[in-house]
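*Asks:* I am attaching a structure below and will ask some questions about it afterwards.
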Amino acid sequence: MSQQQMDSLRDKVHKHTKKIWYAPNKFESYGDEEIKAVEACLRKGWLAPGPITEEFEREIASLFGKKFAVMVNSGSSGNILALLIAGLKAGDEVIAPACTFATNIAPIIQLGLVPVFCDVEHGSYVPSITQVIEKVSARTRALFLPNLIGNKPDWQGLKDELFMLGRRDILLIEDSCDTITSTPITDIAVTSFYSSHIITAGGGGGMVMCNEKSQRDLALQYRDWGRM
Numbered sequence: 073m074s075q076q077q078m079d080s081l082r083d084k085v086h087k088h089t090k091k092i093w094y095a096p097n098k099f100e101s102y103g104d105e106e107i108k109a110v111e112a113c114l115r116k117g118w119l120a121p122g123p124i125t126e127e128f129e130r131e132i133a134s135l136f137g138k139k140f141a142v143m144v145n146s147g148s149s150g151n152i153l154a155l156l157i158a159g160l161k162a163g164d165e166v167i168a169p170a171c172t173f174a175t176n177i178a179p180i181i182q183l184g185l186v187p188v189f190c191d192v193e194h195g196s197y198v199p200s201i202t203q204v205i206e207k208v209s210a211r212t213r214a215l216f217l218p219n220l221i222g223n224k225p226d227w228q229g230l231k232d233e234l235f236m237l238g239r240r241d242i243l244l245i246e247d248s249c250d251t252i253t254s255t256p257i258t259d260i261a262v263t264s265f266y267s268s269h270i271i272t273a274g275g276g277g278g279m280v281m282c283n284e285k286s287q288r289d290l291a292l293q294y295r296d297w298g299r300m
């Protein structure tokens, strides 16, 4: 193929190539205040969870409309803890979207639960009430849905619909690793502080939140010693 033919082909391909705009998220979102806070923490000589971590837990729990929060090493670990403290048993069905991150599905399988996949809405990439409710069965014990790229499922609508079906036993578990939001209606929520997320904690970290003290205590037990 001659150079002229190559140039002509390149021009044709270029004309049919979609221009994709990317958000310019390539800058650091921290400054002197954060750097000084990290330095102050390091100079205290205590790197394990302590008063600063507890203050952070309280603030994030408040943002999410939850009573308790437990800091963990990642949102992925938070998702595992969320299912553990929910008291689910092997064989229980958990409804989750087919279009989601692997970290939303992997914990379900790892704990011997049964994922039941629902579809999502085009454009929002989160499931509608109908798409979720049509998957509810006698074995359903939880909804494990993500808040994805700025969109949230209609959690209140889902709870109302479940109540109308007499299914007050189904837990609402919110995978909010992508989002810092307030959803008091959910039973358990998880968020992440990975470097590309809304708030970062040195490139990693996550948090699991709940309203029941027994669940908080169980999360601490799993996190600190791995006791089952």
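Under this note's numbering, the first residue of the sequence shown is numbered 73, with each subsequent residue one higher. Glycine included, C-beta positions come from ideal geometry on N, C-alpha and C. Bear in mind that the values here come from a model prediction, so they are computed numbers and not experimental data.
1. Got a sec, what are the start and stop residues for the alpha helix (DSSP H) residue 211 sits in?
2. Taking the CB atoms as reference points, tell me whether residue 266 and residue 153 lie closer together than 7 Å.
3. Just confirm the distance between the C-beta atoms of residue 259 and residue 282, as a whole number of angstroms; I'd bet it's less than 8 Å.
4. Looking at the structure shown, is residue 202 part of a helix, part of a strand, or coil, going by DSSP?
5. Out of 203, 165, 280 and 127, which has the shortest C-alpha to C-alpha gap to residue 229?
6. Per the DSSP calculation, residue 165 is bridged to which residue(s)?
7. Report the option in 144, 207, 191 and 214 whose CA atom is closest to the CA atom of residue 180.
8. Are residue 223 and residue 198 touching if we call contact CB-CB under 7 Å?
9. When you compare the CB positions of residue 225 and residue 247, do they come within less than 7 Å of one another, or not?
10. Can you list, in chain order, the residues of its chain whose CB lies under 6 Å from that of residue 207, leaving out five sequence neighbours each side?
11. Please classify residue 373 as buried or exposed, where buried requires at least 16 neighbouring CB atoms within 10 angstroms.
12. Residue 263 and residue 137 look like a contact to me (Cβ under 8 Å); what is the Cβ gap, rounded to whole Å?
13. Go ahead and label residue 235 buried or exposed: buried means 16 or more other beta carbons lie within 10 angstroms of its beta carbon, across all protein chains shown.
14. What is the C-beta distance between residue 142 and residue 279, in whole angstroms, given that I count them as a contact (C-beta under 8 Å)?
15. Out of 299, 277 and 286, state which residue places its alpha-carbon closest to the alpha-carbon of residue 125.
16. Residues bridged to residue 141 by DSSP?
17. Determine the direct distance from the alpha carbon of residue 292 to that of residue 149, and round the result to whole angstroms.
18. Answer yes or no: the CB of residue 196 versus the heavy atoms of the ligand FAD, is any distance below 6 Å?
19. Evaluate residue 261 with the Cβ neighbour count: other Cβ atoms within 10 Å of its Cβ, from every protein chain shown; 16 or more gives buried, anything less gives exposed.
20. Measuring alpha carbon to alpha carbon, tell me which residue in 174, 112, 192 and 158 is nearest residue 289.
*Replies:* On the basis of the supplied data:
1. Counting from one through the sequence shown, the residue named residue 211 turns up at place 139. That residue, residue 211, is in no alpha helix (DSSP H); it is neither H nor E in DSSP.
2. The residue you call residue 266 lines up with position 194 of the sequence shown. The residue you call residue 153 lines up with position 81 of the sequence shown. No, they are not a contact pair.
3. Here residue 259 refers to the residue found at position 187 when the sequence shown is read from its first residue. Here residue 282 refers to the residue found at position 210 when the sequence shown is read from its first residue. Contact flag correct, Cβ pair sits at about 7 Å.
4. Looking up residue 202 in the sequence shown gives position 130. Of the three classes helix, strand and coil, the one that applies to residue 202 here is helix, per DSSP.
5. The residue labelled residue 229 in the question sits at position 157 within the sequence shown. Closest option to residue 229, Cα to Cα, is 203.
6. As a working mapping, residue 165 is identified with position 93 in the sequence shown. According to DSSP, which records beta bridges pairwise, residue 165 is partnered with 186 and 212.
7. For the purposes of this step, residue 180 is identified with residue 108 of the sequence shown, where counting begins at 1. It is 214.
8. For this step, residue 223 is matched to residue 151 along the sequence shown. For this step, residue 198 is matched to residue 126 along the sequence shown. Yes, the Cβ-Cβ distance between residue 223 and residue 198 is below 7 Å.
9. Here the question's residue 225 lines up with position 153 in the sequence shown. Here the question's residue 247 lines up with position 175 in the sequence shown. Taking 7 Å as the Cβ cut-off, residue 225 and residue 247 do not qualify as a contacting pair.
10. The count along the sequence shown starts at 1 and reaches residue 207 at position 135. These residues qualify, in order along the chain: 167, 188 and 190.
11. The first residue shown for the chain is 73 and the last is 300, placing residue 373 beyond what the model contains.
12. Counting from one through the sequence shown, the residue named residue 263 turns up at place 191. Counting from one through the sequence shown, the residue named residue 137 turns up at place 65. Wrong, their Cβ atoms sit about 12 Å apart, outside the cutoff.
13. Taking the first residue of the sequence shown as position 1, residue 235 is located at position 163. Counting Cβ neighbours within 10 Å, residue 235 comes out exposed, since fewer than 16 surround it.
14. Along the sequence shown, one-based indexing puts residue 142 at 70. Along the sequence shown, one-based indexing puts residue 279 at 207. So it is a contact: roughly 7 Å between Cβ atoms.
15. In the sequence shown, the residue the question calls residue 125 occupies position 53. The candidate whose alpha carbon is nearest that of residue 125 is 277.
16. Here residue 141 corresponds to residue number 69 of the sequence shown, with the count starting at 1. Residue 141 pairs with 281.
17. Indexing the sequence shown from 1 puts residue 149 at position 77. Indexing the sequence shown from 1 puts residue 292 at position 220. One C-alpha to the other measures close to 12 Å.
18. This structure lacks the ligand FAD, and indeed carries no ligand of any kind.
19. Taking the first residue of the sequence shown as 1, we reach residue 261 at position 189. Flag for residue 261 reads buried.
20. As a working mapping, residue 289 is identified with position 217 in the sequence shown. Closest by alpha carbon: 158.
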